[in-house]
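**Student:** My questions all concern the structure below.
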Amino acid sequence: MPLVTTREMFKLAYAGGFAVGAFNVNNMEIIQGIVDGCKDDNAPLILQISKGARQYANVKYLRKLIDAALETSGDLPIVMHLDHGDSFELCKACVDDGFTSVMIDASHLPFAENIALTRKVVEYAHARGVTVEAELGKLAGEEEHVKVDERDAVYTNPAQAAEFVGKSGCDSLAVAIGTSHGAYKFSTSEPKLNFDRLAAIQKAIPGVPMVLHGASSVPQDLVAKCVQFGGQMKGAQGVPEAMMHKAATEFGICKINIDTDLRLAMTASIREVFATNPKEFDPRKYLGPARDAIKTVVKRKIQMLNCAGKADAVRAAVKN
Ligand code: G3H
Ligand code: 13P
Ligand code: ZN
């Protein structure tokens, strides 16, 4: 089947208490590992491309690789999504390139400017059948040194959510409730997500699909493997899987973004090959195991997000 938008996927996810994995892609092995994992578990998926990935791989190569994934995945519903678009021009270029979903991340701008820029992207994208993710609030850890009143300036403010969604017209909303990007989350405090805030946001915008960025769990077995084979990752920590499961199944979180865990899986695996066989120099001998490691991580995410087996329903909804 051709690429799909997030529309039907999120409707089903919201109603059915599951979230779709949104995985960052940068090269062939990453795409293959993700798609193989989703195929095994019959899960719909979002392949997301950052501005950096667009530049690194050349978006034309990524597009062809995703076309190959569509052809070989046995009819899995796949979204091609722009991750963290930082301007109208970039979002427009992605819509013109055939992306079926874009994120405009204007969360650093004042509220009214965030709405205005998001609205501009929505008007362009919707006219061409493309769905839009926006962001309200700024990602940061739920650090203990952030005072309660300061949190309102950083995390998503439930009192602003309805006005933001109503005026911008976005299809889904990325929220800040304590997650952060990268491998060093919660560096000065216990892992904690603000579920009370998430519940309040959901109540303010019932039925609107929400998105969690910075959602990698930084599996400690992968960190240990990186370190065992020469890496340095002191203090690496992610969002506990149980919290992610709760967010995905109970609060209208329909999309969970994962990049760091894929990087860790790939790096740990490549480090192991280099450390245990220093004479190896055939790229297939280290990129192959790295691809398998990505598949393993992806399958674990699919189970955690309650997304296994959901491809059939999404496909049927898209075709109707
Ligand atoms: O949230 C950012 C993603 O992990 C993408 O990272 O900009 O280095 O490609 P990147
Ligand atoms: P992680 O760094 O936690 O994997 O988050 C990725 C992300 O949010 C991409 O937009
Ligand atoms: Zn992100």
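This note's numbering applies: residue 647 is where the sequence shown begins, and numbers increase by one. We put the CB at the ideal spot given by N, CA and C, even for glycine.
1) Is the beta carbon of Thr652 closer than 8 Å to that of Ser835?
2) Would a C-beta distance cut-off of 8 Å place Thr906 and Gly877 closer than the cut-off?
3) Per DSSP, Gly662 is paired with what?
4) Between Tyr932 and the rest of its own chain, which residues show a CB-CB distance below 8 Å, the 5 nearest in sequence each way excluded?
5) Ala762: beta carbon under 7 Å from a heavy atom of the ligand 13P?
6) On the CB-based measure, 16 or more other CB atoms within 10 Å of its CB, does Leu755 come out buried or exposed?
7) If Leu763 and Phe734 are in contact, beta carbons under 8 Å, what's the gap, nearest whole angstrom?
8) Measure the beta-carbon distance from Ala703 to Asn672 and round it to whole angstroms, keeping in mind my assumption that it falls under 8 Å.
9) Could you tell me which of Gly934, Asp742 and Leu844 sits nearest to Cys900, measuring between CA atoms?
10) Taking only runs that begin and end inside the region 907-950, name each unbroken alpha helix (DSSP H) of 4 or more residues, in chain order.
11) To test your reading of the DSSP string, which unbroken beta strand (DSSP E) runs of 3 or more residues are found completely within the region 721-761?
12) Cutting at 7 Å between CB atoms, please list the residues of its own chain near Ala959, excluding the five before and the five after it.
13) Is Met647 helix, strand or coil by DSSP?
14) Below 7 Å, is the gap between the Cβ of Asn952 and the nearest heavy atom of the ligand 13P?
15) State the beta-bridge partners of Tyr830 as determined by DSSP.
16) Alpha carbons only, please: which of Ala773, Asn760, Ala893 and Glu759 is nearest the one belonging to Gly824?
17) For Gly815, which beta-bridge partners are listed by DSSP?
18) So the alpha helix (DSSP H) Lys849 belongs to, where does it begin and stop?
19) DSSP has Glu779 in a bridge; who is on the other side?
20) Alpha carbon to alpha carbon, how far is Leu951 from Gly775?
21) Which residue's Cα is closest to the Cα of Asp721: Arg700, Ile750, Ala771 and Met647?
**Tutor:** Let me lay it out:
1) Position 189 of the sequence shown, counted from the start, is the residue given in the question as residue 835. Position 6 of the sequence shown, counted from the start, is the residue given in the question as residue 652. For Ser835 and Thr652, no; Cβs fall outside 8 Å.
2) Position 260 of the sequence shown, counted from the first residue, corresponds to residue 906. Position 231 of the sequence shown, counted from the first residue, corresponds to residue 877. No, the Cβ-Cβ distance between Thr906 and Gly877 is not below 8 Å.
3) Looking up residue 662 in the sequence shown gives position 16. Note: Gly662 sits in no beta bridge, so no partner.
4) As a first step, residue 932 is located in the sequence shown; it is residue number 286 there, counting from the start. The residues are Ser915, Ile916, Val919, Phe920 and Glu926.
5) Your numbering for residue 762 matches position 116 in the sequence shown. Exclusion of Ala762 from the 7 Å shell around the ligand 13P follows from its C-beta lying no nearer than that to any non-hydrogen atom of the ligand.
6) The residue you call residue 755 lines up with position 109 of the sequence shown. The residue in question, Leu755, is exposed, as its Cβ has fewer than 16 Cβ neighbours within 10 Å.
7) In the sequence shown, residue 763 corresponds to position 117, counting from 1. In the sequence shown, residue 734 corresponds to position 88, counting from 1. The pair is a contact, with the Cβ atoms about 6 Å apart (cut-off 8 Å).
8) Translated into positions along the sequence shown, residue 703 becomes position 57. Translated into positions along the sequence shown, residue 672 becomes position 26. Their Cβ separation, rounded to whole angstroms, is 6 Å, which keeps Ala703 and Asn672 in contact under 8 Å.
9) Counting from 1 along the sequence shown, the entry for residue 900 is found at position 254. Ranking the options by Cα distance to Cys900, first place goes to Leu844.
10) Counting whole runs of 4 or more residues, the region 907-950 contains the alpha helix (DSSP H) stretches 929-950.
11) As for any beta strand (DSSP E) of minimum length 3 sitting wholly inside the region 721-761, the runs are 724-731 and 747-750, ordered along the chain.
12) On the sequence shown, position 313 is the one that residue 959 refers to. Leu658.
13) Reading the sequence shown from its first residue, position 1 is the one you call residue 647. DSSP places Met647 in the coil class of the three-state scheme, outside both helix and strand.
14) As a working note, residue 952 is residue 306 in the sequence shown. Remark: the C-beta of Asn952 is outside contact range of the ligand 13P, defined as less than 7 Å to any heavy atom.
15) Reading the sequence shown from its first residue, position 184 is the one you call residue 830. In the DSSP output, where bridge partners are listed per residue, Tyr830 has Gln883.
16) For this step, residue 824 is matched to residue 178 along the sequence shown. For the set Ala773, Asn760, Ala893 and Glu759, the Cα lying nearest the Cα of Gly824 is the one of Ala893.
17) Taking the first residue of the sequence shown as position 1, residue 815 is located at position 169. According to DSSP, which records beta bridges pairwise, Gly815 is partnered with nothing at all.
18) Within the sequence shown, residue 849 is the residue found at index 203, counting from 1. Annotation: the continuous alpha helix (DSSP H) that includes Lys849 extends over Phe841 to Ala850.
19) Here residue 779 corresponds to residue number 133 of the sequence shown, with the count starting at 1. In the DSSP output, where bridge partners are listed per residue, Glu779 has Met749 and Ser818.
20) Locating residue 951 in the sequence shown gives position 305, counting from the first residue. Locating residue 775 in the sequence shown gives position 129, counting from the first residue. Taking the straight line joining both Cα atoms gives about 27 Å.
21) By 1-based counting over the sequence shown, the position of residue 721 is 75. Among Arg700, Ile750, Ala771 and Met647, the Cα nearest to that of Asp721 belongs to Met647.
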